[in-house]
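Trainee:
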Amino acid sequence: METITLTIDNKKVDVPRGTTILKAARQLGIDIPTLCYMELHDMNIENRPAGCRICVTEVQGRRNLAPACATKCEDGMVVKTHTTRVLNARRTVMEFILSDHPKDCLICPKSGNCELQSMAHKLGIREIPGAEIAAMSTYRKDTSPSIIRDLDKCIMCRRCEMMCNDVQTVGALSAVNRGFMAAVAPAFEQNLEHSPCTYCGQCVAVCPTGALTEVDHTPEVLRVLADPTKTVVVQTAPAVRAALGEEFGMKPGTLVTGKMVTALRALGFDYVFDTDFAADLTIMEEGTELLDRLNRYLKGDKTARLPILTSCCPGWVNFFEYYFPDLKEVPSTAKSPQQMFGAIAKSYFAEKIKVNRKDLVVVSIMPCLAKKYECQRDEFSVDGNRDVDFSISTRELAAFIKQANLDLNNLEEGEFDAPLGESTGAGVIFGTTGGVIEAAVRTAYEIHTGKKLDRIDFTELRGLEGVRQAAIDFDGLEVRIGIAHGLGNARKLLNDVREGKSQFHAIEVMACPGGCIGGGGQPLHHGNSEIIKARAAAIYEEDRKKPLRKSHENPFIIKLYEEFLGKPNSEKAHHLLHTKYFEKKKKIIVKQ
Amino acid sequence: MTKKKIQIIVCGGTGCSDKNSNAVAESLTIEIEANALENDVKVVRSGCFGLCNLGPVVRVMPDDVVYIGVKPSDAQEIIDEHIMKGRVVERLLFTDALTGKKLRSAQEMSGYRKQMRIVLRNCGIIDPENIEEAIAHDAYEALARVLTTMTPDEVIKIVKDSGLRGRGGGGFPTGLKWEIARKNKADEKYVVCNADEGDPGAFMDRSVLEGDPHAVLEAMAICGYCIEASKGLIYIRAEYPLAVARLKTAIAQAKEYGLLGENIMNTGFSFDIEIRYGAGAFVCGEETALIHSMEGLRGEPTVKPPFPAEAGFRGKPTNVNNVETFACISPIILKGAEWFSSIGTEKSKGTKVFALAGKINNVGLIEVPMGTTLREVIFEIGGGIRNGKKFKAAQTGGPSGGCLTEKHLDTPIDFDNLVAAGSMMGSGGLIVMDEDDCMVSVAKFFLDFTVEESCGKCAPCRIGNKRLHELLEHITKGKGVPADLDRLRNMCLVIKDTSLCGLGQSSPNPVLSTLENFKDEYEAHVTAKKCPAGKCRDLMEYFIIAENCVGCTACARVCPVNAITGERKEPHVINPEICIKCGACKEKCKFDAIIIK
Amino acid sequence: MKKINSVEDLRKAKEKILAGMHGKGKGEKEKVLVRVHCGTSGLASGAKEILDFLTLELEKRNIDATVIRTGDMGYCYAEPTIEVTRPGESPVVFGYVDKIKADEIIEKFIKNGDFVDGIIPVNYRTID
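Protein chains in written order, with my numbering: chain A, 103 to 694; chain B, 27 to 623; chain C, 8 to 135.
Set out below in structure tokens:
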């Protein structure tokens with residue numbers, strides 16, 4: 103690629119043609135402040151609408167200031183990034199933005215984690231001139247099962263819109279209205295519930311302000327913990343332990359499994375269990391289902407639908423129920439680990455400890471916002487009593503731990519309780535893209551071939567490319583596997599399935615880029631994709647350290663089948679651990 | 027004396043009326059009666075001849091002799107010599123300053139008319155729904171010549187040499203734009219006609235499309251030939267139903283005649299045109315926003331580069347020109363670059379259509395060579411200020427332009443002079459303000475529009491314009507302080523400097539230019555809390571001059587809020603606390619006792 | 008009219024149209040040509056009514072005339088405007104035309120060539 107030379111703040115820099123001023127400046131170590139701009143380069147995700155105008159710079163020969171994020175460098179260009187003209191413009195524009203932003207930082211869920219707040223601080227804004235006569239653009243607040251939209255706080259950075267449309271291809275959010283009332287919302291300013299929203303939460307994950315936040319269930323959790331009549335069980339998803347530490351100042355990728363267990367116990371949970379246990383259970387069911395379909399297919403059974411699609415991601419389930427209802431018989435019928443856990447906890451475990459299911463409260467700690475919706479689905483409750491009562495995100499847990507005056511850094515390493523706290527490495531890797539299918543392969547291979555795997559790490563299934571594929575040799579039978587993370591990538595594979603062009607036997611889909619480690623409920627990455635890579639590394643590290651790394655070797659899983667379920671895909675297993683899918687109607691309700 | 031009935035046309039336009047053309051007409055009538063000619067000779071009043079600086083103008087028909095600078099005292103000579111004896115009154119003829127030649131007829135004098143119709147050449151002349159009339163008026167002649175005798179590069183050279191610049195606002199050289207689009211290779215390219223005329227009060231594009239749609243279609247095909255595009259799109263606002271209907275008819279007829287479509291005139295060149303509708307967003311006049319809107323996306327601009335010529339409609343090289351620009355193309359091809367570039371100023375060639383509006387007598391469309399002065403436009407062609415009021419300012423370039431004042435009256439209007447004067451050409455709206463207009467309110471009025479029309483994508487335009495508007499509102503309510511003016515100016519400059527597209531980059535112009543040219547008026551609002559034009563309701567006070575008041579009680583009776591008290595036959599008083607400033611009392615008072623302070 | 012298949016066709020078509028066109032034909036018995044300016048400004052001011060009135064009345068009064076509908080000339084302040092061309096004469100534009108004025112124009116100008124008030128002289132240069 104052609105290299106060009108330009109001068110930024112009197113320093114020469116060589117960059118490939120097509121580089122933006124922002125990136126060229128970063129190459130020189132010059133920090134140009136940005137607000138709407140966001141980039142996750144490992145996932146080819148970039149948002150640069152050039153709308154906030156905070157990153158403006160002075161380019162010699164140009165009449166107006168140029169946004170660094172969206173202006174390409176030219177040979178011989180002379181750029182100044184911090185002249186008085188630029189500083190005055192930045193400050194004035196920031197004053198404009200703040201003049202139309204609520205000042206309720208004290209109780210804003212994003213306080214302390216808000217990019218707008220940091221920018222105001224960075225630019226040293228101490229007052230907003232004319233605030234006394236400044237009207238605010240206000241909107242109706244919208245609360246869905248997972249996500250709260252408070253558009254009064256929307257600064258039109260368009261990150262959520264980019265995530266929802268370009269990355270996830272969900273199309274729930276787009277800019278509405280114009281001028282001062284412009285904001286990002288579902289079509290016709292409907293509620294999210296009446297939109298195609300999958301609750302994947304990627305909009306929340308990238309929102310720089312408090313415009314998009316999760317529904318906070320910690321107050322309810324606190325209430326049941328304080329209620330002596332309740333037995334409260336907690337399950338923690340694999341991706342949580344790889345990210346929770348970030349909220350306590352730890353390096354991304356720090357594993358805090360043991361400290362997290364201690365914290366949960368200190369918070370008053372009666373039993374601290376692991377969703378990884380249920381992940382192992384999922385593999386037993388899903389793996390068996392895969393082998394069953396595969397065997398039937400190989401025998402020429404036309405009713406055997408292949409490829410089998412994983413079904414542990416609730417955002418993904420919402421997506422195909424809305425956009426691919428014609429394919430709703432294709433995914434595995436296995437419930438997600440969260441719901442398998444709930445079903446087992448409120449049956450097998452409740453019986454074991456002799457507690458009525460109504461007095462047993464199951465709380466899940468998830469990297470995910472769609473889980474909040476999932477646990478509220480009608481089919482996942484018995485007589486109105488949910489299998490999983492509350493789902494709180496990694497961020498909510500962190501806030502909860504801080505409220506209890508616990509410093510995660512200084513806690514002892516604790517151990518999960520038995521029996522639902524025991525898991526294998528296969529359960530752990532559910533937290534990252536490619537992990538579910540790798541776990542399934544480890545078990546399905548051994549069951550199918552009756553041989554021991556000599557190689558447990560299927561590195562060909564790992565990585566961060568949006569769509570990956572691999573062929574695994576099942577002792578002479580080639581099993582073709584597809585992997586997609588991010589719903590936009592999933593859509594590509596689904597279109598192939600719909601058109602009958604798919605060559606895969608099994609496809610793993612995770613709604614969030616990176617998988618659960620990049621989930622909508624995780625500590626905010628603020629556009630740093632190194633963080634997601636570090637979390638993935640931590641997950642694989644935990645797997646590597648586990649003595650058992652294949653789900654079917656989990657002794658408590660074996661025991662569960664012996665004592666309670668019979669065998670995988672048995673009638674009882676079907677009743678408790680499998681579900682079915684529904685077509686989501688496209689409904690537009692014009693009048694609220 | 028000829029047998030044929032003679033008619034004497036006396037110009038009744040504003041310019042000539044001001045120079046007493048009425049008295050000329052009366053004198054002529056008296057002379058006719060004195061000579062008992064009333065059955066054979068008639069005096070008729072007409073509208074403006076467009077020769078205002080030569081007025082009063084009198085034209086004798088059917089001889090077609092034009093007399094200029096006619097005084098009432100000349101009536102006798104005209105009747106005696108011309109009418110009775112058939113001898114032209116030489117001394118009243120116009121003398122060409124260069125040649126010294128006396129010019130007699132209206133035709134000979136046409137060169138002295140201020141207006142020149144290139145764009146509007148066929149408007150009002152041809153039936154726009156009959157392609158044959160267009161063909162009779164040379165439509166598709168230029169296309170035929172281009173397709174059969176010229177290479178694309180030759181055509182582009184002519185357009186470049188003509189000096190034609192885009193009439194949509196920016197003034198970018200058209201030929202260069204075509205050349206760039208030609209150079210960008212792609213399997214498909216597009217020619218787009220921007221007919222999203224959004225400036226309030228501007229309707230030149232609409233008139234062209236309604237009056238001469240083929241002029242645009244033909245030019246688009248020529249452009250398509252030059253840049254190697256086979257598809258044209260006209261983006262037109264749906265609020266122009268008549269223009270849309272006529273365009274549709276014109277496209278259908280052109281296809282039927284084989285002047286659009288496959289293999290035009292057997293030359294192997296194919297070009298088709300489709301219509302795309304805009305929903306009436308001002309920002310969609312910006313070419314990237316326009317393209318997004320055509321693609322079915324939200325009508326929002328994106329950062330340039332890439333320019334549409336590189337990546338436009340559906341990511342393909344796209345040439346976007348406005349209606350008026352396209353309407354100039356055929357005459358340039360037929361009459362040559364030299365002819366076109368002989369009209370206008372050094373850097374702005376050809377003519378420009380303006381839509382005159384506001385406090386001006388002859389509201390409507392005019393077309394003048396570039397370089398015509400504002401004075402000529404307003405006082406000659408436009409017939410001057412309505413009701414004999416004093417000229418105060420003229421807003422050019424629509425809501426994003428600036429106000430020109432008396433000191434700019436003799437500035438030749440062209441792209442660069444307007445920018446230098448703090449305004450812009452824009453699409454050619456020209457709104458005239460008189461002494462009764464408050465310039466702070468005028469600025470607020472224009473901002474009203476841009477606040478409404480901002481797409482909301484970038485912060486300075488979305489929020490900044492709103493804040494500007496609020497501050498102006500504050501000032502017109504008398505709540506402003508002197509420091510507000512500095513803040514106002516800073517906001518204007520930053521919004522211009524940082525906005526993403528032309529809308530925000532120009533929306534503060536009305537504020538900046540009025541702040542520059544009418545600073546005292548702003549200061550009066552923030553210091554003395556007075557509106558010099560008496561327009562800002564919150565800053566005025568109705569007051570009864572005791573000496574003039576006879577105590578008739580008419581004002582007290584008409585006051586809707588009982589703010590006026592006083593005994594019969596005694597001077598009355600208005601209580602400013604109660605007064606709502608509706609003005610009913612002032613209207614009712616027959617004694618000029620009520621004034622606005 | 009058949010499809011124009013060549014530049015030659017276009018030339019021929021143009022000649023043919025010109026020859027047959029109202030008021031422009033050479034030698035043929037000429038008609039009065041009335042153009043009613045029916046752009047948006049014209050129509051908004053009542054041009055359609057004038058168009059219908061003139062079409063009907065000229066026929067009723069047995070005047071050999073062609074009435075056509077055109078776009079506006081830009082004289083918005085004086086709409087509706089019409090342009091009348093008597094055979095062999097220059098066109099004359101009248102402004103502020105209502106039915107009464109239109110009637111006067113028929114009776115005085117179209118029939119006898121007498122001007123009536125409200126003439127808008129040609130105040131522009133053309134390009135030919």
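Positions of the beta carbon are idealized from the N, C-alpha and C atoms, including for glycine.
What first and last residue would you give for the alpha helix (DSSP H) that runs through Met517 (chain B)?
Mentor: 508-524
Trainee: Check distances from the C-beta atoms of the segment 484-504 of chain B to those of chain A and list, in chain order, the residues that come in under 7 Å.
Mentor: Cys484, Ala485, Pro486, Arg488, Ile489, Gly490, Lys492, Arg493, Glu496, Leu497, His500
Trainee: Quick one: Cα of Gly201 (chain B) to Cα of Gly189 (chain B), how far?
Mentor: 8 Å
Trainee: Does the beta-carbon of Val129 (chain C) have 16 or more other beta-carbons within 10 angstroms, so that it is buried, or is it exposed?
Mentor: buried
Trainee: Using the C-alpha atoms, what's the distance from Ser453 (chain B) back to Ala13 (chain B)?
Mentor: Residue 13 (chain B) lies beyond the range of chain B shown here (27 to 623); nothing can be said about it.
Trainee: On the DSSP letters alone, give me the boundaries of the alpha helix (DSSP H) that Gln129 (chain A) sits inside.
Mentor: Element bounds for Gln129 (chain A): 123-129.
Trainee: Check whether the segment 604-612 of chain A touches the segment 275-292 of chain A, taking contact to mean three or more Cβ pairs, one atom from each stretch, closer than 8 Å.
Mentor: Verdict: no, contact absent.
Trainee: With a cut-off of 8 Å, does the C-beta of Val14 (chain C) fall near any C-beta of chain B?
Mentor: yes
Trainee: Determine, for Ser319 (chain B), whether the minimum Cβ-Cβ distance to residues of chain A falls below 8 Å.
Mentor: no
Trainee: Just the Cα atoms here: how many angstroms apart are Arg398 (chain A) and Ile410 (chain A)?
Mentor: 13 Å
Trainee: Using the beta-carbon count (16 or more within 10 Å), is Asp329 (chain A) buried or exposed?
Mentor: exposed
Trainee: Which residue marks the beginning of the beta strand (DSSP E) containing Gly444 (chain A), and which one marks its end?
Mentor: It is not in any beta strand (DSSP E) - Gly444 (chain A) instead sits in the alpha helix (DSSP H) that spans 439-446.
Trainee: List, in order along the chain, the chain B residues whose C-beta lies closer than 9 Å to that of Asn146 (chain A)?
Mentor: What Asn146 (chain A) touches in chain B: nothing, since even the nearest Cβ is about 18 Å away.
Trainee: Please classify Glu284 (chain B): is it buried, with 16 or more other beta-carbons within 10 angstroms of its beta-carbon, or exposed?
Mentor: For the sequence presented, residue 284 (chain B) should be read as Gly rather than Glu. Looking at its Cβ environment, which holds 16 or more other Cβ atoms inside 10 Å, Gly284 (chain B) is buried.
Trainee: May I have the straight-line CA-CA distance separating His240 (chain B) from Lys209 (chain B), to the nearest angstrom?
Mentor: Their backbone Cα atoms lie some 27 Å apart in a straight line.
Trainee: Let's test the definition: count the other Cβ atoms within 10 Å of the Cβ of Val308 (chain A) and tell me whether it reaches 16, buried, or not, exposed.
Mentor: So Val308 (chain A) counts as buried.
Trainee: Taking Cβ-Cβ distances below 9 Å as the criterion, which residues of the segment 221-238 of chain B are in contact with chain C?
Mentor: Phe229, Met230, Arg232, Ser233, Val234, Leu235, Glu236, Gly237, Asp238
Trainee: Does Thr524 (chain B) get closer than 8 Å to chain C when you measure Cβ to Cβ?
Mentor: no
Trainee: DSSP three-state label for Phe417 (chain B), please.
Mentor: Correct three-state label for Phe417 (chain B): strand.
Trainee: Gly548 (chain B) lies in the beta strand (DSSP E); which residues open and close that run?
Mentor: Per the sequence shown, the amino acid found at residue 548 (chain B) is Tyr instead of Gly. Premise fails: Tyr548 (chain B) lies in the alpha helix (DSSP H), 545-549, not in any beta strand (DSSP E).
Trainee: Going by Cα to Cα distance, which pick from B:Arg272, B:Phe441, B:Asn388 is closest to Ile157 (chain B)?
Mentor: Taking the Cα of Ile157 (chain B) as reference, the smallest distance to any Cα among B:Arg272, B:Phe441, B:Asn388 is reached at B:Arg272.
Trainee: List the endpoints of the continuous alpha helix (DSSP H) containing Val115 (chain A).
Mentor: Per DSSP, Val115 (chain A) belongs to no alpha helix (DSSP H); it is in the beta strand (DSSP E), 113-118.
Trainee: Rounded to a whole number of angstroms, what is the C-alpha to C-alpha distance between Val317 (chain A) and Thr245 (chain A)?
Mentor: If you draw a straight line from the Cα of Val317 (chain A) to the Cα of Thr245 (chain A), it is about 8 Å long.
Trainee: Considering only residues of the same chain and omitting the five flanking positions on each side of Gly622 (chain A), which have a CB-CB separation below 7 Å?
Mentor: Cys302, Gly303, Gln304, Val306, Ala307, Cys470, Leu471, Cys614
Trainee: For Pro88 (chain B), report the span of its alpha helix (DSSP H) as first-last.
Mentor: That residue, Pro88 (chain B), is in no alpha helix (DSSP H); it is neither H nor E in DSSP.
Trainee: Should Thr62 (chain C) be flagged as near chain B, meaning a C-beta pair shorter than 8 Å?
Mentor: no
Trainee: Pro558 (chain B) CB to nearest chain C CB: under 8 Å?
Mentor: no
Trainee: Output, in chain order, the set of chain C residues within a Cβ distance shorter than 9 Å of Cys464 (chain B).
Mentor: Within 9 Å Cβ-Cβ: nothing; Cys464 (chain B) doesn't reach chain C, min ~25 Å.
Trainee: In the segment 382-394 of chain B, which residues sit with their C-beta less than 9 Å from some C-beta in chain C, listed in chain order?
Mentor: Leu382, Ala383, Ile386, Asn387, Asn388, Val389, Gly390, Leu391, Ile392, Glu393, Val394
Trainee: Can you find a C-beta in chain C that's less than 8 Å from the C-beta of Met396 (chain B)?
Mentor: no
Trainee: Let me check understanding here. Comparing Cα to Cα, which of A:Gln337, A:Val358, A:Val336, A:Thr338 lies closest to Leu346 (chain A)?
Mentor: Taking only the C-alpha atoms, the option nearest Leu346 (chain A) is A:Val358.
Trainee: Rounded to whole angstroms, what is the Cα-Cα separation between Leu565 (chain B) and Val278 (chain A)?
Mentor: 38 Å
Trainee: Which of the three DSSP states is assigned to Lys504 (chain A) in this structure?
Mentor: helix
Trainee: Could you check what DSSP says for Gly32 (chain C) in three-state terms: helix, strand or coil?
Mentor: At Gly32 (chain C) the pLDDT is 44, less than 50, meaning the model places this residue with poor confidence and gives no usable figure here.
Trainee: At 3 residues or longer, and completely inside the segment 260-338 of chain A: list those beta strand (DSSP E) runs for me, N to C.
Mentor: Listed in chain order, they are 276-278, 285-287, 314-316, 333-338.
Trainee: What residue range does the beta strand (DSSP E) around Lys257 (chain B) cover?
Mentor: From DSSP, the beta strand (DSSP E) with Lys257 (chain B) extends over 257-263.
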